[in-house]
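Below is one structure, written out as structure tokens; the observations come after it.
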Amino acid sequence: MLSNLKAQPADKILALMAKYKEDPRPTKVDLGVGVYKDADGKTPVMRAVKEAERRLVEEQDSKSYVGLPGDPAFADAMIGLVLGDAVERGRIAAVATPGGTGAVRQAFELVKNTSPTARVFVSNPTWPNHVSILNYLGIETVAYRYFDTDTRAVDFDGMLADLAGANEGDVVLLHGCCHNPTGANLNLTQWQAVVDLINEKGLIAMIDIAYQGFGDGLEEDAAATRLVASSVKELLIAGSCSKNFGVYRERTGILMAISEGTENTPLVQQNLNFLNRQNYSFPPDHGARVVTTILTDPELRADWAAELEEIRLSMLGLRQQLADELQRLSGSDRFGFIAEHRGMFSQIGTTPEKVEQIRENDGIYMVGDSRMNIAGLNAKTVPLLAKAIIDAGV
Ligand code: LMR
Numbered sequence: 085m086l087s088n089l090k091a092q093p094a095d096k097i098l099a100l101m102a103k104y105k106e107d108p109r110p111t112k113v114d115l116g117v118g119v120y121k122d123a124d125g126k127t128p129v130m131r132a133v134k135e136a137e138r139r140l141v142e143e144q145d146s147k148s149y150v151g152l153p154g155d156p157a158f159a160d161a162m163i164g165l166v167l168g169d170a171v172e173r174g175r176i177a178a179v180a181t182p183g184g185t186g187a188v189r190q191a192f193e194l195v196k197n198t199s200p201t202a203r204v205f206v207s208n209p210t211w212p213n214h215v216s217i218l219n220y221l222g223i224e225t226v227a228y229r230y231f232d233t234d235t236r237a238v239d240f241d242g243m244l245a246d247l248a249g250a251n252e253g254d255v256v257l258l259h260g261c262c263h264n265p266t267g268a269n270l271n272l273t274q275w276q277a278v279v280d281l282i283n284e285k286g287l288i289a290m291i292d293i294a295y296q297g298f299g300d301g302l303e304e305d306a307a308a309t310r311l312v313a314s315s316v317k318e319l320l321i322a323g324s325c326s327k328n329f330g331v332y333r334e335r336t337g338i339l340m341a342i343s344e345g346t347e348n349t350p351l352v353q354q355n356l357n358f359l360n361r362q363n364y365s366f367p368p369d370h371g372a373r374v375v376t377t378i379l380t381d382p383e384l385r386a387d388w389a390a391e392l393e394e395i396r397l398s399m400l401g402l403r404q405q406l407a408d409e410l411q412r413l414s415g416s417d418r419f420g421f422i423a424e425h426r427g428m429f430s431q432i433g434t435t436p437e438k439v440e441q442i443r444e445n446d447g448i449y450m451v452g453d454s455r456m457n458i459a460g461l462n463a464k465t466v467p468l469l470a471k472a473i474i475d476a477g478v
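FYI, the numbering for the sequence shown is 85 to 478, going by the working numbering.
This is how it looks when you write it as structure tokens:
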């Protein structure tokens, strides 16, 4: 049996991580996988996370199973963080999942089980694993225009025109904030137009929100998700704590499913629990408990929000520094979009050949679609990157 297996396509982000590790050059710069690094190139454990973990070690008196949906207090805390009071709590079913990816996977499975003919519309481009999981599950994927490679902003007319081609019951996958990989985002007026189209055509909205707090602020980054949640009948939300709590390896995420009324919620909850049971039974608990501890303790929460804000501002500073440096070197404003983009990533919109050239010549690693992780830069590496971009003729 095992000898019959075929090689699977490599994930381009993870393949790049491996390549970077093998590179012996001490000056190499990793702008690949979406992980925050401080000025020393370290990915620190956040202060509030350390403290919550210390308390857990001291106070936790059992490691027995919790329940298929995970700790209900985690769901309450995360619903509060993402949705505020945009939606009546009784309409929301939720389960903890292994990371945001686990939530995405469960959401797609739910779609497949309940609407086998539904297609899922994804932005072009989107996080490659969205498409990979959809293909793996045999769900038809339709790409909608999203990124204008000339302006490096959202091609909003193209997006609306393509979404107008969706049929009733098709799913529209949207990034709640900090679009991955482009860094280009809709404004709230544009979100409203998307919501109107979703309602007009009877589409199902799904939001992946993995970077809340990395763009314009914790509340600001949730505004679009809240707008959608308060305006559509049904909504799936895949939420991640990996980045904004820095608990990447703990695999901490949540799937929320919002029904039109409260009476349907127990059935949805039962289905989400069932999906967890079929796939991995109980979701991981440690990261979820740490997040719950932080969100429910005013002092810890304030400290976490303050550290997250420092991270956000440092990324904005790096964006501005890079845009300024590129303007100085190129004598043009054509890289101004880097300061306009939000979140961890910016897609500079160049060819895979130039991306490779920059990797070979300068040891700077960005994903082949020219996505760079801004959070992987620091004040010293920004000028190196800017020079490499110009030298490559981008
Ligand atoms: C990324 O896009 O780099 C992150 O979401 C990490 C991953 O799993 O791909």
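Cβ coordinates follow ideal geometry from the N, Cα and C atoms, glycine included.
Does any heavy atom of the ligand LMR sit closer than 7 Å to the C-beta of Thr185? yes
Shorter than 7 Å, the distance from the beta carbon of Asn213 to the closest heavy atom of the ligand LMR, or not? yes
What whole-angstrom Cβ distance do Leu100 and Val451 have, given they're in contact under 8 Å? 6 Å
With a threshold of 7 Å on Cβ separation, who are the neighbours of Glu137 within its own chain once the five nearest residues in sequence on each side are excluded? Val374
Residue range of the unbroken beta strand (DSSP E) whose run includes Thr181: 176-181
Any heavy atom of the ligand LMR closer than 7 Å to the beta-carbon of Val206? no
Run the proximity test for Asn269: is its beta-carbon closer than 7 Å to any non-hydrogen atom belonging to the ligand LMR? no
So is the beta-carbon of Gly118 under 7 Å away from any non-hydrogen atom of the ligand LMR? yes
Can you give me the start and stop residues for the beta strand (DSSP E) that Asp292 sits inside? 288-293
Cα-Cα separation between Lys105 and Ala277, rounded to whole angstroms: 44 Å
Compute the beta-carbon to beta-carbon distance between Thr111 and Gly447, rounded to the nearest angstrom, for a pair I have assumed lies under 8 Å. 6 Å
Please tell me whether, using a cut-off of 7 Å, the distance from the CB of Asn328 to the nearest non-hydrogen atom of the ligand LMR is below it. no
Tell me whether Ile378, by its Cβ, gets closer than 7 Å to a heavy atom of the ligand LMR. no
Quick one: is the Cβ of Asn264 within less than 7 Å of any heavy atom of the ligand LMR? yes
Bridge partner(s) assigned by DSSP for Gly323: Ile293, Ile338
Ile97 beta carbon near the ligand LMR (any heavy atom closer than 7 Å): yes
Does the separation of the CB atoms of Gly186 and Gly330 fall below 8 Å? no
Indicate whether Tyr295 and Lys317 have their beta-carbon atoms separated by less than 8 Å. no
Out of Thr210, Asp280, Val141, which has the shortest C-alpha to C-alpha gap to Pro265? Thr210
What residue range is occupied by the uninterrupted alpha helix (DSSP H) comprising His214? 212-221
Distance between His370 and Ser63 (C-alpha atoms, nearest Å): Examination of residue 63 is not possible in this model, given that the chain is present from 85 through 478 alone.
Could you please give me the residues that DSSP links to Arg455 through a beta bridge? Gln431
Measuring CB to CB, does Val179 end up less than 8 Å from Phe205? no
The alpha helix (DSSP H) with Arg229 in it runs from where to where? Per DSSP, Arg229 belongs to no alpha helix (DSSP H); it is in the beta strand (DSSP E), 225-229.
Using a Cβ-Cβ cut-off of 7 Å (strictly less than) and excluding sequence neighbours within five positions of Ala191, which residues of its own chain qualify? Met290, Leu320, Ala322, Leu339
According to the neighbour-count rule (16 or more other Cβ atoms, all chains shown, within 10 Å of its Cβ), is Met162 buried or exposed? buried
Given 8 Å, three or more beta-carbon pairs between the stretch 435-447 and the stretch 386-403: no
Span separating the alpha-carbon of Glu347 from that of Val171: 14 Å
For Glu383, count neighbouring C-beta atoms within 10 Å of its own C-beta (all shown protein chains included) and say buried if the count is 16 or more, exposed if not. exposed
Can you pull the DSSP bridge partners for Val206? Ala227
If you run the structure through DSSP and keep just helix, strand and coil, what is Val312? helix
Coil, strand or helix - Leu238 by DSSP: The displayed chain sequence assigns Val, not Leu, to residue 238. Of the three classes helix, strand and coil, the one that applies to Val238 here is strand, per DSSP.
Rounded to whole angstroms, how far is the Cβ of Gly460 from the Cβ of Leu115, which I believe are closer than 8 Å? 4 Å
In angstroms, rounded to a whole number, what distance separates the CA positions of Ser199 and Gln411? 49 Å
Under three-state DSSP, which class holds Leu469? helix
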